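Below is one structure, written out as structure tokens; the observations come after it.
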Amino acid sequence: MRDKSAMMIGRIPKLPAKYAGVIMPLLLSGLMSGTISMLNLWKNIGWFDGFFSQWLGIWLFSWLVAFPTVMIFLPLVRRFTALVVDLSPPSK
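Under the UniProt record's numbering, the sequence shown has 70 at position 70, and the numbering climbs by one with no breaks.
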């Protein structure tokens, strides 16, 4: 029997750790593109009937662009971060 902490929801097992490098950017790009597309639509057009259906289409297109962009730039951002941040473990 599997440990309950190894389950996501109900009986659905968690993904192996090797997928964290794809799942984290997928979720983050989805949240960021959704937030930005909603705020831009609201700022430029305002609230209107069908706002959420219009936003959903815009968001999905934005996410299709955002996720591959994040995956392309992530290695460069990691290298730049290593240049400006001391990533060595703190000494005791």
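Idealized CB from N, CA, C, for every residue including glycine.
Quantities reported herein were computed from a predicted structural model and do not represent experimental measurements.
| Asked | Found |
| --- | --- |
| If I'm right that residue 67 touches residue 29 with Cβ under 8 Å, what's the distance once you round it to whole angstroms? | 4 Å |
| Grouping DSSP H, G and I as helix and E and B as strand, with all else coil, what is residue 13? | strand |
| Mark residue 55 as exposed unless 16 or more other C-beta atoms lie within 10 angstroms of its C-beta, in which case mark it buried. | buried |
| Can you check DSSP and say which residues form a bridge with residue 7? | 13 |
| Output the distance between the C-alpha atoms of residue 58 and residue 85, rounded to the nearest integer angstrom. | 36 Å |
| So what's residue 48 in DSSP terms, helix, strand or just coil? | coil |
| Applying the criterion that 16 or more other CB atoms from any shown protein chain within 10 Å of the CB defines a buried residue, is residue 62 buried or exposed? | buried |
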